Amino acid sequence: MVQYSYFPGCNLKTNAKGFEETAIAVSKKLDAELVEMPNWNCCGTVHTLTSDNIMKRIAPIRVLSRSRKHIETLEESQNQIVTLCSMCNSTLKIVNNEVKKDQEILDKINYQLEEDEETYETDMEVKHFLEILRDIIGYEKISEKVVNPLEGLKISPYYGCMLLHPEEAKIDDEEMPDVLESLVESLGAELVMSPLFKFCCGSFHIVDQEDIVASQVEKIVEAAKRRGANALVVACPLCAYNIDQQQEAMAKNSVVKSPIPVFYFTQLMAIAMGEPVKINHFNDHFINPEPLLKELGLIGRKKAK
Amino acid sequence: MSYEYLKFGKEEKDFIAKIEEISGQNIYSCYQCGKCSAGCAFSDKMDRTVSQLIHLIQIGQKEKVLKANTQWVCSSCLTCSVRCPREIDVAALMEAVREYCLREDYEKVIISEISKEALDKLPNIALVSNFRKKTG
Chain A
1 MVQYSYFPGC NLKTNAKGFE ETAIAVSKKL DAELVEMPNW NCCGTVHTLT
51 SDNIMKRIAP IRVLSRSRKH IETLEESQNQ IVTLCSMCNS TLKIVNNEVK
101 KDQEILDKIN YQLEEDEETY ETDMEVKHFL EILRDIIGYE KISEKVVNPL
151 EGLKISPYYG CMLLHPEEAK IDDEEMPDVL ESLVESLGAE LVMSPLFKFC
201 CGSFHIVDQE DIVASQVEKI VEAAKRRGAN ALVVACPLCA YNIDQQQEAM
251 AKNSVVKSPI PVFYFTQLMA IAMGEPVKIN HFNDHFINPE PLLKELGLIG
301 RKKAK
Chain B
1001 MSYEYLKFGK EEKDFIAKIE EISGQNIYSC YQCGKCSAGC AFSDKMDRTV
1051 SQLIHLIQIG QKEKVLKANT QWVCSSCLTC SVRCPREIDV AALMEAVREY
1101 CLREDYEKVI ISEISKEALD KLPNIALVSN FRKKTG
């Protein structure tokens, strides 16, 4: 079995546990196991756009250097670190590119890492799990493993910003992506296209300017629902939190009627591949997807023998 | 019609140089086509749009730039940066204006003033990214 050094990032251990557990479960099923790297630290979540701030670039490089060591212990592993969170993906990718181009920055960062007896030699490649699914495993193999096609789910992919921006970190075409679309179709669900697939959800403004996030989420959800979607699929824990939590808040104030659940792409895969429901941690969601899944007969059905 | 006379002395030039230094961008590359503002998901919430703010930086209007809310509404989604026909990293300019404020001992978000319930409820990804963008 091919193994990948997997970097969880801060949220996969707290309010996106379902994202991580389903990803690990399906990765084993697809013979591309995600193995968590030891001793990881937060990547910083957002990449600094400044040209002169080295300090904010140290954390991602430390992650890459530790992942490099982790790879020595894995089977059939190439020098690849895999992330699930799209913000980790972009932060690690951008800094990795920067130090590959600029030896001076790398030297300065390595000087800082010396204290921990770490050093980075620019020999790692950062991959998002969606890239592994598309380029290495392939949709054909994914649909072969589907035992419970997601019939009745009308899913609108929501990419958010960090999967498609910037140029150095994008996993697909920035204006016409199709990776989530193809994945949703290979799981047997119906695809609903929304023009607001990368309309920013408001991101970190949730902390101090919640009204901005509320207005963005309302537009994103309305656009998907108007086209017939009954669920959204995302790859970013912050998008998921914002859309999920804001919908619940707006439903309370009756701004939005009939909110729709938000899934991580790996949760959809786990349901389609017949993994146990509990690894999805649906109780962490604000809009519980279980009623919809039960109504469509996708969970809670006794298996025919 | 009334005219406003603009000062363009050392202070203005220093401001432009500092923004260019932090962002690593040439501010005069911008020819004001407005594509960034047109595609911005937050234009309706800004008191000056992104391209207007860039114009103010070009003419060194430090006070007006720092008074605008544009840089604090920008969420660095980078849509403008991937679309700019002049290949300016527009989001980096917004970050530079933010950093300019933060480096002058200014905090947009004061962590001790956030309520305990909010800190318990919010995911760490939101808190970390917010503090990286809005505290010095």
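Residue numbers (the numbering used here), protein chains in the order written: chain A, 1 to 305; chain B, 1001 to 1136.
The C-beta atom is built at its ideal place from N, Cα and C for all residues, glycine as well.
Just so it is clear, the structure is predicted and the values come from calculations on it, not from any experiment.
Query                                                                                                                                                           : Result
By the criterion of Cβ-Cβ separation under 9 Å, what are the contact partners of A/M176 in chain B?                                                             : Residues of chain B passing the Cβ test: none, with the nearest at roughly 13 Å.
Counting only beta-carbon separations shorter than 8 Å, does A/Y241 have a partner in chain E?                                                                  : Reference to chain E is not applicable here, since the protein chains of this structure are A and B.
Using the Cβ count rule (16 or more neighbours within 10 Å means buried), how would you classify A/L92?                                                         : buried
Could you round the C-beta distance between A/L298 and A/I271 to whole angstroms and report it? I think they count as a contact, below 8 Å.                     : 6 Å
Any Cβ of chain B within less than 8 Å of the Cβ of A/F306?                                                                                                     : With chain A represented from 1 up to 305, any question about residue 306 of chain A goes unanswered, as that position is not in the structure.
Relative to the C-alpha of A/N283, which residue among A/K69, A/G18, A/G44 and A/V26 is closest?                                                                : A/G18
Expressed to the nearest angstrom, what Euclidean distance is found between the alpha-carbon atoms of B/A1126 and A/L268?                                       : 24 Å
Terminal residues of the continuous beta strand (DSSP E) containing A/T83?                                                                                      : Q80 to T83
What's the gap between the Cα of A/I109 and the Cα of A/N96?                                                                                                    : 12 Å
Is it the case that the Cβ atoms of A/Q3 and A/L64 are separated by a distance below 8 Å?                                                                       : no
Taking only beta-carbon positions, decide if B/K1045 is within less than 8 Å of chain A.                                                                        : yes
Taking the continuous alpha helix (DSSP H) assigned at A/P60, which residues delimit it?                                                                        : I58 to I71
What does B/G1024 reach in chain A if we use C-beta pairs closer than 7 Å?                                                                                      : S51
Under a CB-based cut-off of 8 Å, is B/I1125 close to chain A?                                                                                                   : yes
Classify B/F1008 as helix, strand or coil using the three-state DSSP reduction.                                                                                 : coil
Taking Cβ-Cβ distances shorter than 7 Å, what residues in chain A pair up with B/K1133?                                                                         : V46 and F204
What would DSSP say about A/F263, mapped onto helix, strand or coil?                                                                                            : strand
Step through the CB atoms of chain A and report whether any lies within less than 8 Å of the CB of B/T1049.                                                     : no
Return helix, strand or coil for A/V255, following the three-state DSSP convention.                                                                             : coil
Could you check if A/Q103 is buried or exposed, using at least 16 other CB atoms within 10 Å of its CB as the buried criterion?                                 : exposed
When the Cα of A/L12 is compared with those of A/S86, A/M273 and A/C201, which residue comes out closest?                                                       : A/S86
Hey, which unbroken runs of the alpha helix (DSSP H) at 4 residues or more fall wholly within the stretch 141–193 of chain A?                                   : 179–186
Quick check on this structure: which residue in B/L1056, B/D1047, B/V1050 and B/Y1031 has the alpha carbon closest to the alpha carbon of B/I1016?              : B/L1056
With three or more beta-carbon pairs closer than 8 Å as the criterion, would you say the stretch 1082–1089 of chain B touches the stretch 1028–1040 of chain B? : yes
Under 7 Å Cβ to Cβ from A/L6, same chain only, skipping five residues before and after it: list those, please.                                                  : Rather than Leu, the amino acid found at residue 6 of chain A in this sequence is Tyr. Closer than 7 Å at the Cβ level, and outside the excluded window around A/Y6, lie L34, V35, E36, M37 and V82.
Run through the DSSP bridge pairs and tell me what A/H128 is partnered with.                                                                                    : A/T83
What residues in its chain sit with their C-beta under 6 Å from that of A/C42, if we drop five residues either side in the sequence?                            : C10
Please confirm if A/P237 has its CB atom under 8 Å from at least one CB of chain B.                                                                             : yes
What residues from chain B crowd round A/F199, counting only those whose CB sits closer than 9 Å?                                                               : A1041, C1077 and T1079
Looking at the structure shown, is A/F286 part of a helix, part of a strand, or coil, going by DSSP?                                                            : coil
Answer with buried or exposed for B/G1009, where buried requires no fewer than 16 other C-beta atoms within 10 angstroms of its C-beta.                         : exposed
Taking 8 Å as the threshold (C-beta atoms), are A/F199 and A/Q245 in contact?                                                                                   : no
Do the stretch 202–216 of chain A and the stretch 246–254 of chain A make contact, defined as three or more Cβ pairs closer than 8 Å?                           : yes
Could you list the residues in the stretch 6–36 of chain A with a C-beta less than 8 Å from some C-beta on chain B, going in chain order?                       : G9, C10, N11, T14, N15 and A16
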